[in-house]
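Visitor:
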Amino acid sequence: MASEEAPISGNREKIMPGQLEGKVAVITGGASGIGRGTVGVFAEEGAEVIAADIQDGKGPAIEKAYPGKVRYVHCDVTKEEDIARTIEIANAEFGRLDCVFNNAGSAASLEDVDKVTPAGFDQTMHLLVLPALLAIKYAVPIMKPQGGGSIISTSSICGIQAGWGPPLYSMAKAQLIHLTRVAALMLAPHSVRVNCICPGYIAAQSIGVGMGLSIEEADASLEKVAAVSRDFQPIPRAGRPVDIANGAVFLASDASTFITGQALAIDGGITLGSLDCSASLVEPVAKALGLGSDVLENLSMKR
Numbered sequence: 033m034a035s036e037e038a039p040i041s042g043n044r045e046k047i048m049p050g051q052l053e054g055k056v057a058v059i060t061g062g063a064s065g066i067g068r069g070t071v072g073v074f075a076e077e078g079a080e081v082i083a084a085d086i087q088d089g090k091g092p093a094i095e096k097a098y099p100g101k102v103r104y105v106h107c108d109v110t111k112e113e114d115i116a117r118t119i120e121i122a123n124a125e126f127g128r129l130d131c132v133f134n135n136a137g138s139a140a141s142l143e144d145v146d147k148v149t150p151a152g153f154d155q156t157m158h159l160l161v162l163p164a165l166l167a168i169k170y171a172v173p174i175m176k177p178q179g180g181g182s183i184i185s186t187s188s189i190c191g192i193q194a195g196w197g198p199p200l201y202s203m204a205k206a207q208l209i210h211l212t213r214v215a216a217l218m219l220a221p222h223s224v225r226v227n228c229i230c231p232g233y234i235a236a237q238s239i240g241v242g243m244g245l246s247i248e249e250a251d252a253s254l255e256k257v258a259a260v261s262r263d264f265q266p267i268p269r270a271g272r273p274v275d276i277a278n279g280a281v282f283l284a285s286d287a288s289t290f291i292t293g294q295a296l297a298i299d300g301g302i303t304l305g306s307l308d309c310s311a312s313l314v315e316p317v318a319k320a321l322g323l324g325s326d327v328l329e330n331l332s333m334k335r
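Numbering-wise, the sequence shown is residues 33 to 335 according to this note's numbering.
1. Go to Tyr170, then tell me how far its alpha helix (DSSP H) extends in each direction, as first and last residue.
2. How far does the beta strand (DSSP E) with Arg103 in it extend, from its first residue to its last?
3. Rounded to whole angstroms, what is the Cα-Cα separation between Leu52 and Asp144?
4. Within a Cβ cutoff of 7 Å, which residues of the same chain sit near Met157, ignoring the five residues on either side of it in sequence?
5. What are the partner residues of Phe133, as DSSP defines its beta bridges?
6. Relative to the alpha-carbon of Gly191, which residue among Ala297, Gly301, Ile59 and Ala171 has its alpha-carbon at the smallest distance?
7. Exposed or buried, Leu217, counting other C-beta atoms within 10 Å across all chains shown (16 or more means buried)?
8. Between which two residues does the beta strand (DSSP E) carrying Glu255 extend?
9. In whole angstroms, what is the alpha-carbon distance linking Glu77 and Val56?
10. Looking at the secondary structure, which residues open and close the alpha helix (DSSP H) in which Glu112 lies?
11. Quick check on Ser246: buried or exposed, where buried means 16 or more other Cβ atoms within 10 Å of its Cβ?
12. Look up Asn227 in the DSSP assignment and give the residues it is bridged to.
13. Under 8 Å, do Pro163 and Ile115 count as touching if we go by C-beta distance?
14. If you reduce the DSSP assignment to three classes, tell me which class Ala311 lands in.
15. Straight-line CA distance for Gln155 to Ile66?
16. Shortest alpha-carbon distance to Ile189 belongs to which of Pro150, Cys230, Ile209 and Asp146?
17. Who are the Cβ neighbours of Asp130 in its own chain at under 6 Å, not counting the five residues just before and after it?
18. With a CB to CB cut of under 7 Å and the five nearest residues on each side skipped, what residues in its chain are close to Ala122?
19. I'd like to know if the stretch 280-296 and the stretch 206-224 are in contact, where contact means that at least 3 CB-CB pairs between them fall below 8 Å.
20. Which residue comes first and which comes last in the beta strand (DSSP E) that contains Ile298?
21. Does Ile298 have its Cβ less than 8 Å from a Cβ in chain D?
22. Which word fits Glu120, buried or exposed, when buried means at least 16 other C-beta atoms lie within 10 angstroms of its C-beta?
23. If the criterion is Cβ atoms closer than 8 Å, does the pair Val226 and Ile267 meet it?
24. Does the distance from the CB of Ala277 to the CB of Val109 come in under 8 Å?
25. Quick check on the DSSP output: the alpha helix (DSSP H) that includes Val281 runs from which residue to which?
26. Taking the alpha carbon of Asn135 as the reference point, which residue from Leu160, Lys111 and Ala124 has its own alpha carbon closest?
27. Which value, in whole angstroms, describes the spacing of the CA atoms of Ala79 and Lys101?
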């Protein structure tokens with residue numbers, strides 16, 4: 033059935049095996065959540081992968097899961113030298129760089145718009161926007177001479193619509209979308225494509241961490257997070273890291289060589305609106321007009 037829930041850590045159905053054969057990718061935030069899921073899918077599709085993160089304790093397990101395909105590298109994306117070193121390691125070890133997936137990040141500042149501080153603003157932009165810009169800076173000189181490449185960033189539905197996240201986080205994700213477009217326009221003549229993915233409600237570590245849980249607590253609560261999402265998005269199942277990974281595979285592959293500057297929403301339709309009349313203006317307006325429950329039920333059946 034369409035509504036049947038797959039496990040959060042469930043197996044991925046291969047669509048076109050080997051789509052990334054011979055390609056080299058750097059994935060930041062690669063030790064957990066969306067990044068970890070994408071590392072695995074890229075490796076399964078044939079890519080050589082640098083999984084970059086600050087969660088060094090998870091590095092050996094990632095390498096062991098994909099021997100000879102994945103190398104873990106410590107990378108704090110708030111440090112320019114770490115980004116430069118990680119990209120250089122990929123190029124030095126594999127002789128090329130086909131894809132950079134700028135995925136690391138979290139909700140750095142949770143202040144309301146009337147309580148934001150310059151420090152919170154700087155912290156958020158330094159974590160969510162600047163690393164993507166710096167990755168472009170260091171990846172492009174490698175990609176241009178080899179004839180092209182794909183740069184992907186994780187934005188969010190928060191960058192498309194207001195109301196899905198904290199103000200500064202949402203602003204940063206919107207900036208990331210526009211950075212994608214600006215860079216795509218400038219780099220298109222060199223066949224370097226720049227796109228971003230806008231996840232919706234994905235059952236990943238970042239949800240819990242953004243609400244104040246520790247990394248360990250967030251990892252342990254994924255199924256609880258997943259169970260909630262069925263009730264408020266059109267596709268009645270939780271979004272999973274593999275859903276984002278599949279989108280990233282497409283954008284990194286040769287199947288998307290005519291696509292650049294795009295913000296791909298992978299959100300289960302959540303930004304489309306609600307099909308439920310009771311969740312819209314219909315119910316309060318009907319009640320204000322003194323209409324009975326039979327009228328409301330009839331309206332609901334006609335949706």
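Where is the CB? At the ideal position from N, CA and C, for every residue including glycine. Keep in mind the model is a prediction, meaning the values are calculated, not measured.
Guide: In short, the structure shows the following:
1. Leu162 to Gln178 is the span of the alpha helix (DSSP H), which, as asked, contains Tyr170.
2. From DSSP, the beta strand (DSSP E) with Arg103 extends over Val102 to His106.
3. Each residue's CA atom was taken as its position, placing Leu52 and Asp144 some 42 Å apart.
4. Excluding residues within five positions, the ones whose Cβ falls inside 7 Å are Ala204.
5. Bridge partners of Phe133: Ile59 and Ile184.
6. It is Ala297 whose Cα lies nearest to the Cα of Gly191.
7. Exposed, by the Cβ-count rule.
8. Per DSSP, Glu255 belongs to no beta strand (DSSP E); it is in the alpha helix (DSSP H), Leu254 to Ser261.
9. Cα to Cα, the separation comes out at about 11 Å.
10. That run of the alpha helix (DSSP H) goes Glu112 to Phe126.
11. Exposed is the call here.
12. Answer is Ile184.
13. Less than 8 Å divides the Cβ of Pro163 from the Cβ of Ile115.
14. Because the pLDDT at Ala311 is just 47, under 50, the model does not fix this residue reliably, and the value given afterwards should be weighed accordingly. Note: Ala311 maps to helix in three-state DSSP.
15. Straight through space, the alpha carbons of Ile66 and Gln155 are spaced by roughly 22 Å.
16. It is Cys230.
17. Cβ neighbours of Asp130 beyond the five flanking positions: Lys55, Val56 and Gly181.
18. Shown here for Ala122: same chain residues with a beta carbon closer than 7 Å to its own, the five before and five after excluded, namely Val56, Val58, Ile82 and Leu129 in chain order.
19. Three or more beta-carbon pairs separated by less than 8 Å link the stretch 280-296 to the stretch 206-224, which places the two stretches in contact.
20. Start and end: Ala295 to Ile298.
21. The structure shown contains no chain D; it holds only a single protein chain.
22. Around the beta-carbon of Glu120, fewer than 16 other beta-carbon atoms lie within 10 Å, marking it exposed.
23. Remark: C-beta atoms of Val226 and Ile267 do not approach each other more closely than 8 Å.
24. For the pair Ala277 and Val109, the CB atoms are not nearer than the 8 Å cut-off.
25. Counting along the chain, the unbroken alpha helix (DSSP H) around Val281 starts and ends at Pro273 to Ala284.
26. Closest by alpha carbon: Leu160.
27. Near 7 Å, if we compare the C-alpha coordinates of Lys101 and Ala79.
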